[in-house]
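Using our numbering, count along the sequence shown one by one with no gaps and you end on 86.
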Amino acid sequence: MAETLRATIGENGFLQFSEPVQWLVKHPRFGEAYVHGYCKFDAQMQAAAGWGVGLDELPRMKVGIERRAMEAAKNALKEETR
Numbered sequence: 005m006a007e008t009l010r011a012t013i014g015e016n017g018f019l020q021f022s023e024p025v026q027w028l029v030k031h032p033r034f035g036e037a038y039v040h041g042y043c044k045f046d047a048q049m050q051a052a053a054g055w056g057v058g059l060d061e062l063p064r065m066k067v068g069i070e071r072r073a074m075e076a077a078k079n080a081l082k083e084e085t086r
């Protein structure tokens, strides 16, 4: 049986998953890309590399995660507030 996906909130306040999850990264000029990563920054970096753009484009990117990752994120937030 596969391990349950877990999410944690690091000291820096960023959400990180126990295994890579699928992210949808959208950019107003370059379109969208599906990538796998452990955190939002990882996903943005992969999309930027695929599009051949620099870090200055990261703020313009919108990022979404798959449903199972969203559930793990909700659980991590519940644990953080306890």
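The beta carbon of each residue, even a glycine, is placed where N, CA and C say it ideally should be.
Keep in mind the model is a prediction, meaning the values are calculated, not measured.
Next on the checklist: For the region 33-53 against the region 72-83, do three or more pairs of beta-carbon atoms, one drawn from each stretch, fall closer than 8 Å, so that the two count as touching?
Outcome noted: no
Item to check | Pairwise C-alpha distance: P63 and P32 | outcome: 11 Å
Checklist entry - Does DSSP put K66 in a helix, in a strand, or in coil? => result strand
Next on the checklist: Does E12 come out as helix, strand or coil in the three-state DSSP assignment?
Outcome noted: Reading off the sequence shown, one finds Thr at residue 12, where the question assumed Glu. Here T12 sits in strand by DSSP.
Next on the checklist: Let's test the definition: count the other Cβ atoms within 10 Å of the Cβ of A47 and tell me whether it reaches 16, buried, or not, exposed.
Outcome noted: buried
Item to check | Environment of A51 [buried if 16+ CB atoms lie within 10 Å] | outcome: buried
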